[in-house]
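One structure below.
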Amino acid sequence: MDTHEKISLMEDFLPDTILGWSTNKTTPLLSHSDLYGYMDGGAELYISYGFRAALSRTYLKESQPEILVEVYDLIESRNAFGVFSQSRESENVNLGQGAFSLPGAIFFWKDHYYISLSSWESTQESMQCLHALGDYIDKKITSKGIIPDVVKLLPQQGLVPFGYMYFHHYIWLNSYYFISHDNLLLIDDNTHALVARYDVQGNRHYLLLIQYDNGQTAAKAFVTFQKAFFPEGLTDHCTIRDDNTWMATAVTDRHIAAVFHGNTQQSVSDLLSRVLHSCQTISLK
Amino acid sequence: MLHDSATLALGSSLLVNAPLSILGQQQDQKSRVVLIRDKALLDEAGNLKKDTLSKMLDEAMVKLTQTSSPAEAWKKIIRSDDVVGIKSNHWRSLPTPPELENLIKQRVLGIGVKEADISINDRGVLNDPVFKRSTALINTRPMRTHAWSGLGSLLKNYIMFSPQPPSYHDDSCADLAKLWEFPEVKGKTRLNILVMITPLFHGIGSHHFSKEFTWPYQGLILGFDPVAVDSVGMRILQAKRKEFFKEDRPLNPPAKHIELADTRHHLGNANLSRIDLVKAGWSDSTLI
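Protein chains in written order, with this note's numbering: chain F, 1 to 285; chain P, 1 to 288.
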């Protein structure tokens, strides 16, 4: 299926009219260049998650705010899930394979599609329309995607609800906690990376977990990580950083795990042990 | 180290025969930045009060230039024969307020610049005949979080001077300071005004805007050094994020282009120890 056929398919996901709103403008986005032109900043977010094509449509109704619907085809379901994981503070709407709503907007993902529904201002009617549009699109997309397996490795105890993010572009490394401006950990399209927030006895800890496609790359990444973060080595996988927080890290066959911002050596060591145990015991594809 | 933006501002001031000390910065000196706020800038409905904004702009200009009147202040940075481009920002969800654009224009007109020699523009600057022959630029925009560069900043506001804006997106816009070397820009910027009236401190998705993530800070930040002004604004947004989320929540991605504008490109001062921050007006919850 070529890009134009993809656009036609996405057009079929959207109604011409709904709850008194009518289609105003439909904009197909077939390339990175189209996306840059369309989006006043921010196209790179989708490009970093595999953007292939998108369809934007606005709906109008008299005395109501304009509604904007965007459907992004991100090639793989991991990308749609990844963009969604960036967006959601919780999952508070039953749409697609995960949805988050806040005043004036609903975001959800299904299969390799990420859907953004928003209105300039939020009214009761416009929110009803956003939900109706979401239901319509959800029913139209009949296929389902798969959440990346690496998510299964996250220890559940202490994990902040919905407090993790999936990515495979190094820019998102610092999403919760500043780690590095540089791609020390060799994150690319062949990796699966997570950052996650944990509450450990009232103290915020941050977990970074990266799954590589081979052990050689994992080992190489760990060497550059070591040079930057613990050039003098580790003691029982742990080190104390300049800001007096504890960090623990290890490399296994295909994974690097690191825990940051611990208040004690024991706390970072425990969380690291739990994630390493997951890596060793849970079989991934 | 001579920071280029400081030099540019000084160069500009020299054009209008102002002593170096007026601008409060020269080689090896701190960058002067004025943060002014007024708790009555917005009415209860959130509408901007133009008169209050006008007073804030005038007071901030006097403090920035260390002069005794607004008219004197503007004369220190703009000459009557200048051709002035006001580089604004027209992002639909949070544009530079037209009231501020018009106030700047009125002040420039007030010192004798011809109306035909003034233009306000954002995305069309490269094709704007006034911008094409401009001798002076005034850079103004609201600060907001940005899905790729971390922040929509004054530094980033010049991306429209590039015929290929996406070419500055590498490494989350790390090298936006290079834009300030463009011939259309270099040496022309006389003033930077960061609009902090209702800043956006958090964003979801690439261009979604939610009022939930704005707050009535009701401020303006002015300076000659765009790096210093952005740095102050960034710290305020970071502090607001910490207050709102009740934990450190770094900008995502980090707005490294501000720090790198200092450390890599030597355009100005990002480090607070190199910034002379002057605060005026409403002082509650300043966050810096």
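Heads up, the beta-carbon is just placed ideally off N, CA and C, and yes, glycines get one too.
Secondary structure of Gly42/F (DSSP, three-state): coil. It is roughly 9 Å from the alpha-carbon of Gly268/P to the alpha-carbon of Glu259/P. In terms of Cβ geometry, Tyr164/F and Leu194/F form a close pair [threshold 7 Å].
For the region 166-199 of chain F, residues whose beta-carbon sits nearer than 8 Å to a beta-carbon of chain P comprise Ile171, Trp172, Asn174, Ser175, Tyr176, Tyr177, Phe178, His181.
Taking 9 Å as the Cβ-Cβ cut-off, the region 64-98 of chain P approaches chain F at His90, Trp91, Arg92, Ser93, given in chain order.
Pro65/F does not reach chain P, its nearest Cβ partner there being about 12 Å away, counting only Cβ pairs nearer than 8 Å. Interface with chain P (7 Å Cβ-Cβ cutoff): Arg254/F is excluded. Burial check for Leu276/F: the Cβ neighbour count within 10 Å reaches 16 or more, so the residue is buried. DSSP places Asp135/F inside the alpha helix (DSSP H), whose first and last residues are 124-140. If you draw a straight line from the Cα of Ser93/P to the Cα of Tyr72/F, it comes to about 21 Å. Per DSSP, reduced to three states, the secondary structure at Arg92/P is coil, with no helix or strand assignment. Secondary structure within the region 10-67 of chain F: the alpha helix (DSSP H) runs of 4 or more consecutive residues, fully enclosed, are 32-38, 43-47 (chain order).
Looking at the backbone, the Cα of Val125/P and that of Ser172/P are separated by about 23 Å. Within its own chain, the residues whose Cβ lies closer than 8 Å to the Cβ of Leu48/P, once the five positions on either side in sequence are excluded, are Leu41, Leu42, Pro97, Glu99, Ile197, listed in chain order. Proximity of chain P to Arg204/F at the Cβ level (cut-off 7 Å) is accounted for by Glu247, in chain order. Your pair Ile275/P and Ala228/P checks out as a contact, with CB atoms roughly 5 Å apart and the cut at 8 Å. Taking a contact to require three or more Cβ pairs closer than 8 Å, the region 146-164 of chain F and the region 28-48 of chain F do not qualify as touching. By the criterion of a C-beta distance shorter than 7 Å, Val251/F is surrounded in its chain by Ala218, Ala219, Phe222, once the five residues flanking it on both sides are discounted. DSSP lists Trp246/F as the beta-bridge partner residues of Ile240/F. Secondary structure of Lys152/F (DSSP, three-state): helix. Using a CB distance cut-off of 7 Å, Lys256/P counts as an interface residue toward chain F. For the pair Ser119/F and Ile67/F, the CB atoms are nearer than the 7 Å cut-off. Secondary structure note for Gly163/F: its beta strand (DSSP E) is the uninterrupted segment 159-167. Look at Asn157/P: its C-beta is not under 7 Å from any C-beta on chain F.
Under the Cβ criterion of 7 Å, Asn271/P is not counted among the residues facing chain F. At a Cβ-Cβ threshold of 7 Å, His192/F and Gly145/F do not count as neighbours.
For Glu44/P, no chain F residue has a Cβ inside 9 Å of its Cβ, as the nearest lies near 18 Å away. Bounds of the beta strand (DSSP E) holding Gly262/F are 255-262. One alpha carbon belongs to Thr52/P, the other to Ser85/F, and they sit about 42 Å apart. Per DSSP, Phe81/F is one residue of the alpha helix (DSSP H) stretching across 77-87. At a Cβ-Cβ threshold of 7 Å, Ile111/P and Lys75/P count as neighbours. The criterion of a C-beta distance shorter than 7 Å is not satisfied by Glu91/F and Phe81/F. Short of 8 Å from the beta carbon of Asn214/F, and not among the five residues preceding or following it, lie these beta carbons of its own chain, in chain order: Arg254.
Non-local beta-carbon contacts of Leu103/P in its own chain, meaning distances under 6 Å to residues more than five positions away in sequence, involve Ser54, Leu57 in chain order. Chain F has no Cβ within less than 7 Å of the Cβ of Asn47/P. Between Ala60/P and Ile77/P, the C-beta gap is not smaller than 7 Å, which leaves the two residues out of contact.
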